[in-house]
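S.K.:
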Amino acid sequence: AARDRWIQVSARRIDELCERVTELAGEYRALSFRFLAEVQRARDEARSRPLLESFDRCRAQLDDVSGAAWGLRLVPVEPLLHELAQHARELAQAQGKRVRFVVSAGGAQLERRVLDGLEEPLLHLVRNAVDHGLERPADRGAKGDEARLALEAEVEGPHLVLTVTDDGRGIVADDVRRAAAARGVVTAQAAAALSHALALDLIFAHGLSTRTEVSDVSGRGVGLDVVRSAVEALGGAVTVTTEPGRSTRFELVVPATVTHEQALVVQGPAALYALPTRFVRAVVRLAELSVETVAGGRALRWGDEVLPLRSLAAVLGAAPAGEEPWALVVEEQRGRWAFSVPAIVGEVGLVRQPVDQLAAAGGLIGASATLDDGRLVLVLTVPVVVRRAEGVAVMAPRPATAALARRLVLVVDDSPIVRDLVAELLAGAGFETATADGGAAALAAVAGRPPSAVLLDVDMPGMDGFEVLRRIREHEARLPVIMLTTRASAADRRQAVALGANAYLVKSDFQETQLVDTVRQFVEGPDR
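What follows is the structure, encoded as structure tokens:
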């Protein structure tokens with residue numbers, strides 16, 4: 003180490019290097035894919051073998067270079083933990099609390115993008131522990147005047163486990179049940195039936211808190227839903243364990259790197275989907291195992307276990323397109339599930355790319371990637387998939403006014419993914435929804451059962467959104483039409499206004515609350 007020489011390099015330059023290496027690797031994979039296809043057609047193995055061996059050597063060298071480049075993005079975790087501990091120390095002193103801090107990272111490293119994404123969630127958990135969890139010296143009783151807060155990181159295979167542990171008052175599961183039922187997160191009957199672990203898991207619901215007083219430091223518990231969303235966006239998961247009166251422990255499990263991902267690619271509704279292999283325990287043929295009908299659906303007997311079996315297409319909000327002979331056994335911190343799929347593409351190494359805000363809004367899709375043959379793959383957030391599969395029976399429907407229940411919103415978009423995501427978002431907000439995959443279908447839907455509002459894409463094959471809007475205005479002068487498009491130019495906005503659009507939303511600037519509020523403004527307005 004003493005002989006190492008160090009230079010300062012801009013992080014931006016490292017990012018550019020990694021991106022260029024990734025582009026080179028993608029071009030190489032596409033080239034080798036085309037070459038192998040030519041070899042198979044030519045069927046001249048003797049002449050092509052040396053070239054194939056050369057491709058293999060180049061691929062190995064390229065993989066080494068790519069790994070070395072991405073390794074430059076790894077940074078140590080410990081400095082961030084010390085910063086968090088210092089912040090917590092100042093906060094504890096301001097509140098008159100005596101706290102001993104323990105920081106342990108063991109030299110663990112994370113991709114810088116992952117560490118940046120964890121800073122806010124960890125900060126909230128630390129502030130939450132000091133403000134909510136740790137008592138003042140006079141209230142600690144036999145535990146002693148000095149409280150303990152530990153921030154620890156440990157490498158476990160391809161994962162890093164980060165824990166925030168305090169020896170404070172803990173969390174009472176029954177208090178969480180009552181708070182969740184009071185806020186309508188679950189029904190009182192469903193809350194009472196939840197296991198201890200699932201009841202504690204409710205603290206990650208939006209805005210849920212067991213506290214009655216408001217704190218300037220960490221509010222009323224608001225923010226734990228954001229912690230979960232941020233961790234899951236990185237491909238990780240967060241859980242909580244507690245012993246009332248003695249301790250609380252939050253555990254964050256994240257991949258050490260999120261850009262490169264080993265994943266199992268399967269055929270899904272209208273697209274290819276990928277599940278990170280760290281969540282997949284087995285791929286099985288349903289015909290070779292026992293499938294049973296049980297209360298609430300189907301179950302798969304796998305070894306000595308009986309696993310809930312759900313169609314992945316159904317969980318994604320679509321009807322299964324046909325036979326689904328395969329099943330994935332998926333393990334997440336909440337347990338094991340089986341998901342049936344029509345076809346398996348295979349296990350591949352993916353380079354994750356961000357998806358736009360609209361596709362990422364529900365948290366279900368965490369990233370996108372491209373296969374060697376150019377096909378697009380959507381990377382699923384497995385914890386969200388599992389919660390969707392298990393949560394339907396226990397979650398209470400969101401309250402909706404009688405007026406909203408009678409309001410129909412027509413979503414028009416040629417992309418089935420965007421169409422379903424927007425429809426699901428509006429349905430969750432209490433609206434009735436219908437969908438159309440193009441201009442002709444939209445005009446037929448408006449003529450058949452006039453909706454209370456239309457969400458309309460612009461770029462569609464055959465008849466674009468502007469033409470659809472013009473035809474709607476020939477017969478429906480007052481029907482609210484909201485354009486939801488990728489086009490952000492002033493000229494497109496002016497054209498939409500000239501044709502009679504009521505609002506213009508750009509997908510790249512998408513915000514869930516803005517979309518719902520805009521639709522609600524026109525559906526519930528005085529003119530309607």
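The opening residue of the sequence shown carries number 3 in our numbering; numbering runs sequentially from there.
Where a beta carbon is used, it is the ideal one built from N, C-alpha and C, also for glycine.
What does DSSP give as the partner residues of Pro310 in its beta bridges?
M.R.: Looking at the DSSP assignment, Pro310 forms a beta bridge with Ala301.
S.K.: For a minimum of 3 consecutive residues, which ranges assigned as the beta strand (DSSP E) are wholly contained in the stretch 432-470?
M.R.: Taking only runs of at least 3 residues, the beta strand (DSSP E) segments lying wholly in the stretch 432-470 are 434-438, 455-458.
S.K.: Rounded C-beta distance between Thr243 and Arg251? I'm assuming under 8 Å.
M.R.: Yes, they are in contact, since the Cβ atoms of Thr243 and Arg251 sit about 5 Å apart, within 8 Å.
S.K.: Just to check my reading of the structure: Leu210 and Val187 have Cβ atoms closer than 8 Å, yes? What is that Cβ distance to the nearest angstrom?
M.R.: That belief holds up - the Cβ atoms of Leu210 and Val187 are roughly 6 Å apart, short of 8 Å.
S.K.: Roughly how far, in whole angstroms, is the beta-carbon of Val77 from the beta-carbon of Gln111, given that I think they are within contact range, below 8 Å?
M.R.: The Cβ separation is near 6 Å, so the contact holds.
S.K.: Got a sec, what are the start and stop residues for the alpha helix (DSSP H) Gln1 sits in?
M.R.: In the structure displayed, the chain extends from 3 to 530; residue 1 sits before or after that span and is not available.
S.K.: Report yes if the C-beta distance between Leu153 and Leu83 is below 7 Å; otherwise report no.
M.R.: Contact: yes.
S.K.: If you draw a straight line from the alpha carbon of Leu64 to that of Leu352, how long is it in whole angstroms?
M.R.: Distance between the alpha carbons of Leu64 and Leu352 is about 15 Å.
S.K.: Could you say which of His161, Leu200, Glu137, Gly365 lies nearest to Asp176 if we only look at CA atoms?
M.R.: It is Leu200.
S.K.: For Leu26, I'd like the list of residues in its chain whose CB is within less than 8 Å of its CB, leaving aside the five on either flank, ordered along the chain.
M.R.: Taken in chain order, the residues that qualify are Leu64.
S.K.: For Asp17, which three-state DSSP category applies?
M.R.: The answer is helix: DSSP assigns Asp17 an H, G or I state.
S.K.: Let me know if His198 comes out buried or exposed under the rule of 16 or more other beta-carbons within 10 Å of its beta-carbon.
M.R.: So His198 counts as exposed.
S.K.: Distance check for Arg75 and Ile16, CA to CA, integer angstroms please.
M.R.: Between Ile16 and Arg75, the C-alpha separation is close to 7 Å.
S.K.: Short of 7 Å in beta carbon distance, which residues of its chain neighbour His208, apart from the five on each side in sequence? Order them along the chain.
M.R.: Taken in chain order, the residues that qualify are Asp227.
S.K.: CA-CA distance, Val268 and Leu314?
M.R.: One C-alpha to the other measures close to 10 Å.
S.K.: Within 10 Å of its beta-carbon, does Ile2 have 16 or more other beta-carbons around it, so buried, or fewer, so exposed?
M.R.: Absent from the structure is residue 2, since the part of the chain shown begins at 3 and ends at 530.
S.K.: Tell me which residues share the same chain as Ala398 and place their Cβ nearer than 8 Å to its Cβ, disregarding the 5 neighbours each side in the sequence.
M.R.: The predicted position of Ala398 is uncertain, since its pLDDT is 35 and thus under 50; a value taken from the coordinates is nonetheless stated next. Answer for Ala398: Gly186, Val187, Val188, Thr189, Ala192, listed in chain order.
S.K.: Buried or exposed: Asp218, going by 16 or more other Cβ atoms within 10 Å of its Cβ?
M.R.: At Asp218, the pLDDT of 48 sits below 50, so the modelled position is not reliable; the number obtained from the coordinates is stated separately. Counting Cβ neighbours within 10 Å, Asp218 comes out exposed, since fewer than 16 surround it.
S.K.: With 16 as the cutoff for other CB atoms within 10 Å, does Phe35 come out buried or exposed?
M.R.: It counts as exposed.
S.K.: Give the range of the alpha helix (DSSP H) segment to which Ile419 is assigned.
M.R.: Looking at the DSSP string, the run of the alpha helix (DSSP H) that includes Ile419 is 418-430.
S.K.: Closest to Arg354 by CA distance: which of Ile205, Val525, Gly237 is it?
M.R.: When each option's Cα is compared against that of Arg354, the closest is Gly237.
S.K.: Entirely within the stretch 34-77 and at least 4 residues each: give me those alpha helix (DSSP H) ranges in chain order.
M.R.: For the stretch 34-77, whole alpha helix (DSSP H) runs of length 4 or above, ordered along the chain, are 47-73.
S.K.: Could you pull the start and end residues of the beta strand (DSSP E) that Arg287 belongs to?
M.R.: Here the beta strand (DSSP E) through Arg287 covers 282-287.
S.K.: Roughly how many angstroms separate the alpha carbons of Thr515 and Leu427, rounded to a whole number?
M.R.: Thr515 and Leu427: Cα-Cα distance of roughly 10 Å.
S.K.: For Gly186, name the three-state secondary structure that DSSP assigns.
M.R.: Looking at Gly186 - three-state DSSP - the assignment turns out to be coil, as it is neither helix nor strand.
S.K.: For Pro1, does the count of other Cβ atoms within 10 angstroms reach 16, so buried, or fall short, so exposed?
M.R.: As displayed, the chain neither begins before 3 nor continues past 530, which places residue 1 out of reach and without an answer.
S.K.: Mind checking Ala329: buried by the 16 CB within 10 Å criterion, or exposed?
M.R.: With 16 or more other Cβ atoms within 10 Å, it is buried.
S.K.: Taking just the CA atoms, how far does Leu204 sit from Val128?
M.R.: Going from the Cα of Val128 to the Cα of Leu204 covers about 19 Å.
S.K.: Given this structure, state the Cα-to-Cα distance separating Glu392 from Ala446, to the nearest angstrom.
M.R.: In a straight line, the C-alpha of Glu392 is about 36 Å away from that of Ala446.
S.K.: How many Å lie between Val79 and Ala289 at the Cα?
M.R.: If you take the alpha carbons of Val79 and Ala289, they lie about 47 Å apart.
S.K.: Taking the alpha-carbon of Ala90 as reference, which of Val132, Gly170, Arg171, Thr24 has the nearest alpha-carbon?
M.R.: Cα-wise, what sits closest to Ala90 is Val132.
S.K.: Just to confirm the assignment, what range does the beta strand (DSSP E) spanning His161 have?
M.R.: Taken as a continuous stretch (DSSP letters only), the beta strand (DSSP E) holding His161 covers 161-168.
S.K.: Quick one, are the C-beta atoms of Ala316 and Val308 less than 7 Å apart?
M.R.: Not a contact, by the Cβ cut-off of 7 Å.
S.K.: In its own chain, which residues sit with a C-beta less than 7 Å from the C-beta of Asp422, not counting the 5 before and 5 after it?
M.R.: Correct list, in chain order: Gly319, Ala320.
S.K.: In whole angstroms, what separates the C-alpha of Leu291 from that of Ala265?
M.R.: Roughly 24 Å between the two C-alpha positions.
S.K.: For the stretch 69-126, which segments carrying the beta strand (DSSP E) assignment without a break, of at least 3 residues, lie completely within its bounds, in sequence order?
M.R.: List check, beta strand (DSSP E) in window: 76-78, 101-106, 111-113.
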